[in-house]
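Undergrad:
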Amino acid sequence: MTAPDRAAPVVARTPEELARIRAGLGRTALVPTMGALHSGHRGLIAAARERAEAVVVSVFVNPLQFGPGEDYERYPRAFDDDLRACAEEGVDVVYAPGVETMYPGEQIVTVDPGPIGDVLEGASRPGHFRGVLTVVAKLFHMVRPDVAVFGQKDAQQLAAIRRMVRDLAFGITVVGVPTVRDHDGLATSSRNVYLSEDERASALALSRALLSGADASVTGPVGILGAAREVLDAAAADTVPVELDYLALVDAHTFAEVPPDHRGEAVLLVAARVGSTRLIDNVPLTL
Ligand code: PAF
158 MTAPDRAAPV VARTPEELAR IRAGLGRTAL VPTMGALHSG HRGLIAAARE
208 RAEAVVVSVF VNPLQFGPGE DYERYPRAFD DDLRACAEEG VDVVYAPGVE
258 TMYPGEQIVT VDPGPIGDVL EGASRPGHFR GVLTVVAKLF HMVRPDVAVF
308 GQKDAQQLAA IRRMVRDLAF GITVVGVPTV RDHDGLATSS RNVYLSEDER
358 ASALALSRAL LSGADASVTG PVGILGAARE VLDAAAADTV PVELDYLALV
408 DAHTFAEVPP DHRGEAVLLV AARVGSTRLI DNVPLTL
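Counted the way my numbering counts, the sequence shown spans residues 158 to 444.
#1: To test your reading of the DSSP string, which unbroken beta strand (DSSP E) runs of 3 or more residues are found completely within the stretch 183-263?
#2: Would you call residue 443 buried or exposed, if buried means 16 or more other Cβ atoms sit within 10 Å of its Cβ?
#3: I'd like to confirm something about residue 270: is its beta-carbon nearer than 7 Å to some heavy atom of the ligand PAF, or not?
#4: Taking the alpha carbon of residue 231 as the reference point, which residue from 341, 348, 182 and 317 has its own alpha carbon closest?
#5: Helix, strand or coil, according to DSSP, for residue 307 in the structure here?
#6: Using a strict less-than 6 Å threshold between each residue's beta carbon and the heavy atoms of the ligand PAF, what residues do you get?
#7: Does the beta-carbon of residue 261 have 16 or more other beta-carbons within 10 angstroms, so that it is buried, or is it exposed?
#8: Following the continuous beta strand (DSSP E) through residue 333, name the residue where it begins and the one where it ends.
#9: How would you call residue 410, buried or exposed, if buried means at least 16 neighbouring beta carbons within 10 angstroms?
#10: Helix, strand or coil: which one does DSSP assign to residue 300?
#11: Assuming residue 221 contacts residue 291 (C-beta within less than 8 Å), just tell me the rounded distance between them.
Shown next, in the form of structure tokens:
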């Protein structure tokens with residue numbers, strides 16, 4: 158079935174163009190993205206449309222959140238496809254600034270994520286959350302959204318953004334949308350295009366490990382982590398091995414690891430490398 162034809166979104170390239178367009182919009186929801194839009198992004202856009210009169214999607218591959226040796230240059234860029242997807246999803250405005258527009262000079266003032274920026278993804282990717290929060294803060298100032306929509310797939314990013322919005326009084330409603338998975342369980346991600354067929358088969362161990370952990374939730378933190386680790390240990394011996402970076406059960410707000418007697422809400426997180434691709438996934442749990 159083909160999607161119904163919709164008007165193409167208006168494209169703004171500079172904050173000035175965007176401000177002129179924004180002045181004519183009512184209640185607005187922003188979906189910040191780095192492009193290479195997939196079904197997960199379409200879910201974010203659908204959630205945005207339910208909550209506002211106008212939807213702005215930003216498309217910007219943010220150099221500030223990539224460390225040395227990471228995949229900034231290689232990150233998939235597919236602007237024409239992104240515009241088509243945005244048209245199909247009824248997006249009103251696509252904001253796609255260039256790097257020079259977003260960072261006209263050295264970015265000396267940045268947003269400090271606090272302790273959440275130093276653990277898990279923050280420990281593996283030093284400076285990553287400072288880069289994310291800085292660009293999201295700039296996008297918030299440029300777009301002035303009433304609502305901003307993010308995926309729960311990047312759970313630590315979502316928690317850091319919620320905290321920034323609260324601590325710096327942005328006055329924006331942040332909405333988290335559950336992770337979209339492909340039919341085989343792999344969480345959708347723009348980076349999945351890097352995976353060969355064999356790598357993709359191995360990568361399924363991440364969602365299997367989370368499922369196994371979730372199934373053991375009545376046994377508490379030790380049982381959950383044990384069940385997930387068993388799946389990952391087996392996957393480490395696959396022909397295409399899954400190289401575990403971390404497996405952790407954390408508090409959903411602080412991302413500090415929960416104690417063995419923890420009861421209530423938590424998030425089970427995994428990060429691993431398959432071939433040259435680094436993947437993350439998570440599942441929210443109630444213990
Ligand atoms: O999740 C992403 O795609 C990015 O981290 C974001 C939020 C668009 C900031 O560059």
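Note that beta-carbon positions come from the ideal geometry of N, C-alpha and C, so glycine has one too.
TA: If we stick to the structure as given:
#1: 185-190, 211-216 and 250-252
#2: Here the question's residue 443 lines up with position 286 in the sequence shown. It counts as exposed.
#3: Within the sequence shown, the letter at position 113 stands for residue 270. It does not: the Cβ of residue 270 is nowhere closer than 7 Å to a heavy atom of the ligand PAF.
#4: Mapped onto the sequence shown, residue 231 falls at position 74. When only C-alpha atoms are compared, the closest one is 348.
#5: Translated into the one-based positions of the sequence shown, residue 307 becomes position 150. DSSP places residue 307 in strand when its eight states are reduced to three.
#6: 189, 190, 191, 219, 222, 289, 292, 293, 311 and 314
#7: Here residue 261 corresponds to residue number 104 of the sequence shown, with the count starting at 1. Residue 261 should be labelled exposed.
#8: Position 176 of the sequence shown, counted from the start, is the residue given in the question as residue 333. From DSSP, the beta strand (DSSP E) with residue 333 extends over 330-334.
#9: As a working mapping, residue 410 is identified with position 253 in the sequence shown. When all chains shown are included, residue 410 counts as exposed.
#10: Reading the sequence shown from its first residue, position 143 is the one you call residue 300. Three-state result, residue 300: helix.
#11: Position 64 of the sequence shown holds residue 221. Position 134 of the sequence shown holds residue 291. Confirmed, Cβ separation roughly 6 Å.
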